[in-house]
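Here my numbering is used: the first residue of the sequence shown is 150, the next is one more, and so on. Ideal placement from N, C-alpha and C gives every residue a C-beta, glycine not left out. Everything below concerns the one structure shown next.
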Amino acid sequence: MTDKTYSKTQHTDKNNYDYITITNDENKVRIYTLKNGLKIFLAQNFDAPRIQTFIPVRTGSNNDPSDNTGLAHYLEHMMFKGTSKIGTHNWEKEKVLLEEISDLYEKHKAEQNPELKKEIYAKIDEVSQEASQFAIANEYDKAISSLGATGTNAHTWFDETVYKNNIPNNELEKWLKIEKERFSEMVLRLFHTELESVYEEFNRAQDNDSRLVNYELMDALFPIHPNGQQTTLGDPEHLKNPSMKAIHKYFDEYYVPNNYAIVLVGDLGFEETVLLIDEYFGKIPYKELPKKDLIIEKPLTEIVERTVKSPTTPRIQLAWRTESYGTREAMLADVTANILSNRGEAGILDLNINQTQKMLWAQAYSLGLKEYGYFSVVAVPKENQALSEAKEMILEQLELLKKGDFPDWMLPAIINDFKLQRLKGLETAEGLATNLYDTYIKGRTWEEELSEMDEYERFTKQDVIDFANSFFKDNYVVINKEKGINDQLLRVDNPGITPIKINREAQSDFLKEILNDKTKNIQPEFIDYQKEIQTDLVKNKKLSFVENKYNEIAQVHFIFPFGSDNDRDLGISTQILQYLGTDKFSPEDLKKEFFKIGISNDFKTSSGQLTISLNGLESNLEKGISLLQHWMSKVKPDQEIYNQFVETLLENRDAVKKDKNRIMTALTTYTKLGKTSRFLDIISEEQLKNAKVEDFTDRMKKLFGFPHQIFFYGKDFEGFKNYIPNYIFDEISAIPEPKKYPEHETTGTVYFTDYDMVQMEMSKIGKGKAVNPQNFGKINVFNEYFGRGLSSIVFQEIRESKSLAYSAYVSYAPNSELTHPDYITTYIGTQPDKLQIAVDTMNKLMSELPEVPEQFENAKNSALKQIASTRITRTNIFFNTLRLKKLGIDYDFRKDIYHQIENLTFSDVKDFYQSEIKPVHFNTAIIGKKENLNMDAVNEMGSFEEVSLEKIFGY
150 MTDKTYSKTQ
160 HTDKNNYDYI
170 TITNDENKVR
180 IYTLKNGLKI
190 FLAQNFDAPR
200 IQTFIPVRTG
210 SNNDPSDNTG
220 LAHYLEHMMF
230 KGTSKIGTHN
240 WEKEKVLLEE
250 ISDLYEKHKA
260 EQNPELKKEI
270 YAKIDEVSQE
280 ASQFAIANEY
290 DKAISSLGAT
300 GTNAHTWFDE
310 TVYKNNIPNN
320 ELEKWLKIEK
330 ERFSEMVLRL
340 FHTELESVYE
350 EFNRAQDNDS
360 RLVNYELMDA
370 LFPIHPNGQQ
380 TTLGDPEHLK
390 NPSMKAIHKY
400 FDEYYVPNNY
410 AIVLVGDLGF
420 EETVLLIDEY
430 FGKIPYKELP
440 KKDLIIEKPL
450 TEIVERTVKS
460 PTTPRIQLAW
470 RTESYGTREA
480 MLADVTANIL
490 SNRGEAGILD
500 LNINQTQKML
510 WAQAYSLGLK
520 EYGYFSVVAV
530 PKENQALSEA
540 KEMILEQLEL
550 LKKGDFPDWM
560 LPAIINDFKL
570 QRLKGLETAE
580 GLATNLYDTY
590 IKGRTWEEEL
600 SEMDEYERFT
610 KQDVIDFANS
620 FFKDNYVVIN
630 KEKGINDQLL
640 RVDNPGITPI
650 KINREAQSDF
660 LKEILNDKTK
670 NIQPEFIDYQ
680 KEIQTDLVKN
690 KKLSFVENKY
700 NEIAQVHFIF
710 PFGSDNDRDL
720 GISTQILQYL
730 GTDKFSPEDL
740 KKEFFKIGIS
750 NDFKTSSGQL
760 TISLNGLESN
770 LEKGISLLQH
780 WMSKVKPDQE
790 IYNQFVETLL
800 ENRDAVKKDK
810 NRIMTALTTY
820 TKLGKTSRFL
830 DIISEEQLKN
840 AKVEDFTDRM
850 KKLFGFPHQI
860 FFYGKDFEGF
870 KNYIPNYIFD
880 EISAIPEPKK
890 YPEHETTGTV
900 YFTDYDMVQM
910 EMSKIGKGKA
920 VNPQNFGKIN
930 VFNEYFGRGL
940 SSIVFQEIRE
950 SKSLAYSAYV
960 SYAPNSELTH
970 PDYITTYIGT
980 QPDKLQIAVD
990 TMNKLMSELP
1000 EVPEQFENAK
1010 NSALKQIAST
1020 RITRTNIFFN
1030 TLRLKKLGID
1040 YDFRKDIYHQ
1050 IENLTFSDVK
1060 DFYQSEIKPV
1070 HFNTAIIGKK
1080 ENLNMDAVNE
1090 MGSFEEVSLE
1100 KIFGY
């Protein structure tokens, strides 16, 4: 049991606002409630002069009308379109046309005749054209980015819609002014183009294998509850037949101050912040919420089995329904899931299935929702195993759980791990703010949330055994995900939207007011790395130290200045190590020992560096180092385990070749680097099968005899220096020379890979000149202005004006290492019948940099504000120096970038564009269904080559 008790205390601040704190809350969260019911959660975090903001609304897809599913999510999109003040330059004229469009949508929804529906839609398109003359696209985003905001986004889920921004603290009042305006009223402008973007998002979801399984799982688990009967994206028929009146009604009913909260965590003053919030949001009136009937599911009394198909590797998922988040049953389900799978460490599934390689992979988890929840196990069988075999193996592991066949130390170790993960989560402004909004959405108090660990600690092993025996009956859902053709895919015709006017250069009076209201600038702070990083030399090894000022968690990193370019098989050697034990510990016992002491280990191999990291309580760090070095120096070769590993690795390689996202990554890399890239330089199946396990374990045994440096992040550097000499050995090995991989020119070839999917995804990659850090300021502003973000030129044209894609961007990526080239990448994911116009639009945009002075100034000022209010903290202090070293820089280079941006003109960026981007030739990567490929569009891009999976993966 912890020695802390959490209880609510009432206070009154100096301005006579009442608020609540919780005793022993280390984050000192204050919770206010305004007279209109608005909840305010405030906490201080002085890492940087910024504030993480969330506005969580207690409504989501579960409140969608049954004949208008997807409404909450679509409303979330429309919250970025402005109001009668934001996003218009003639509201009186626009308003009349929007009302006409709304009436037309009601007619369109009611009309049953398909031909008449098309006529009505054509009229909607026509009136939308007229209305767009008065609209200003993305003006909310222009306003919010002018503050120097980052992370501008929102999401909708079952019972929540959450609006997100991270802002400089000197812009708090302007942020409140903007958010108060958009939460006061909703204007559904540019409606039909955004609807098409939502449909593209729906198409992306159809190509998402995880969603396919999850939709079927939830439908079976919740046959009457909205958890299973209403997806967040909605029914496609409802998306095609929306009602603007229904969206307005939903907004008026649920977007009321007593149904949302303001969560702010960062560099803020409590009293002045509450005054400002009340000034802007306190005037929005309280409103009774609609009465909602409680939907109660009947208990599951049998096994419900379903099958879905897609091109990816087969897998199986079992799930049992639980009670709601925070209930005893949901908490015990959470503990049980962690006894089976505790972050891949020492759970029953971790050790009995994954460690022994009986299947490709298996994992348990639990999900607690506001109403109900579920416990689930996912398993990916080997190629020669049936899904039914995988199911039986899962059920066998659950039987072990019922018998209490897990060690007594496991439960306390899991609770300690819960505490450790919470400590990590709450140390950042975003982590704490996320926890606060989640607590609000689920209808829990902060006191209940903080007391949760005490509740977990009260559970005994017998409680878990009793729970397992009463909970795991023949009352579950099974989803068999087979490999095959998904015959449920919906392929929709392009509705033929006429591109709308986006009035890029127009500004509303509201935006002008925001831009003209100057706040006192935050002065940038550039870090003195030599001052912040302590260094020492111990036994000829460089030690670096950064103090952890936040908690008792420590990290140690052993950093070796060589990677897979120096030794191709280094990465695979670290993977094999995970399955092997020593003369003292079996592989399973090693996992248990690490988990017992709460220390996690991680091996990361890149092309030029190997990093071995340990993370956990500082008091146990030396034990972790000792265990790590015992494991690596005394690793016990086992040819049988190695042969199993090879079999599993080869099956995993095969599984990767069925995954759309992994295929696109491989195709893009091939398009960029060709057939001689390091991505394709892998150990072959023949080499793997002919190798001896010692070929790999010998590398691990000798590793600490190679040059390396050590980075320690914690509190007690002197204590660390006292014991670390015991774990430093003489350097007896030299670093092998790295292999050089050519970086070919991109010469206009189109590479295509066939995959059964709804969308086409296209990425163009062009090789630029060698990296030049003196261009970093220009690159920063170019990306902000032209290529990335909600108010960029590309986003406005591709998505806002023409509704060609849900996701589209252009990105200039400077290389991380001197003498290597930069790369320019464009991306569009769209319906096949929109590919031609998407290609033409992107080509036109890339042919000449559009000049919009106001937008350029906004991008420039946003970049300056972001740099000025950003602070480098924690382990980033050290790892930034490693990154800068590759560029030949030994100081905080942001200083140079900041000063370059201060003096930057559009002419500078245009010159950069003309010299560094316009001359570049691009290769193109396309993935999609071949029969849907528009060859006319493809031939315009260059010579066409269809590439096989074997070619792009190298096996």
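Who are the Cβ neighbours of residue i in its own chain at under 6 Å, not counting the five residues just before and after it?
i: K691; result: Q858
i: T1073; result: V899, K913 and M1090
i: D1085; result: none
i: Q985; result: N1083 and A1086
Within the same chain, show all residues whose beta-carbon is closer than 7 Å to that of residue i, passing over the 5 residues directly before and after it, in chain order.
i: N212; result: A221 and Y403
i: P648; result: S950 and K951
i: G720; result: S713 and T754
i: K266; result: H257 and E260
What separation, rounded to the nearest whole angstrom, lies between the Cα atoms of residue i and residue j?
i: I1038; j: S950; result: 42 Å
i: Y819; j: E892; result: 11 Å
i: R571; j: N314; result: 23 Å
i: I947; j: L822; result: 27 Å
i: N287; j: H238; result: 13 Å
i: R593; j: Y474; result: 9 Å
i: I634; j: A535; result: 18 Å
i: V613; j: I748; result: 24 Å
i: F567; j: M602; result: 8 Å
i: A271; j: E604; result: 60 Å
i: L837; j: Y791; result: 9 Å
i: S941; j: H969; result: 28 Å
Of all the options the options, which has the alpha carbon lying nearest to the alpha carbon of residue i?
i: A655; options: L388, I235, K733 and Y958; result: I235
i: E997; options: V526, N407, P1068 and S392; result: P1068
i: S722; options: D685, T846 and D751; result: T846
i: I761; options: I746, E737, Q704 and I725; result: Q704
i: Y958; options: N921, I914, K432 and T218; result: I914
i: Q980; options: L296, L569, E350 and V484; result: E350
i: A562; options: M542, G517 and R492; result: R492
i: K741; options: L500, A192, E538 and A987; result: L500
i: D808; options: K785, L798, M906 and D732; result: M906
i: V245; options: E1080, K323, Q282 and E454; result: Q282
i: Q201; options: Q908, R1020 and T583; result: T583
i: E365; options: L516, T380 and D356; result: T380
i: V206; options: M228, N792 and F935; result: M228
i: G186; options: R470, P406, F430 and S392; result: P406
i: S1092; options: T896, L585, V336 and N652; result: T896
Quick check on DSSP: helix, strand or coil for residue i?
i: N314; result: strand
i: S941; result: coil
i: V695; result: strand
i: Y168; result: strand
i: K753; result: strand
i: R331; result: helix
i: I456; result: For the record, residue 456 in the displayed sequence is Thr; it is not Ile. Strand.
i: R179; result: strand
i: V245; result: helix
i: Q679; result: helix
i: Y961; result: strand
i: G300; result: strand
i: W306; result: coil
Might you give, ordered along the chain, the residues of its own chain that have their beta carbon closer than 8 Å to the beta carbon of residue i, omitting 5 neighbours on each side?
i: I831; result: R717, G1103 and Y1104
Measuring from the CB of residue i, is there a heavy atom of the ligand FMN at a distance below 7 Å?
i: I628; result: The model depicted lacks the ligand FMN and carries no ligand whatsoever.
query: Between the stretch 404-423 and the stretch 241-253, do at least 3 Cβ pairs fall closer than 8 Å?
result: no
field: Stretch-stretch touch, CB-based, cutoff 8 Å, three pairs: the stretch 769-785 with the stretch 582-589
entry: no
- prompt: Counting pairs of Cβ atoms below 8 Å between the stretch 295-307 and the stretch 272-280, do you hit three or more?
  reply: no
- prompt: Using 8 Å as the threshold, is the stretch 1043-1061 in touch with the stretch 916-926, meaning 3 or more CB pairs across them?
  reply: Yes: the two stretches touch, three or more of their Cβ pairs being nearer than 8 Å.
- prompt: Is the stretch 858-876 touching the stretch 785-800, taking contact as three or more C-beta pairs under 8 Å?
  reply: no
The stretch 809-816 in contact with the stretch 1092-1103 per 3-pair CB rule at 8 Å: yes
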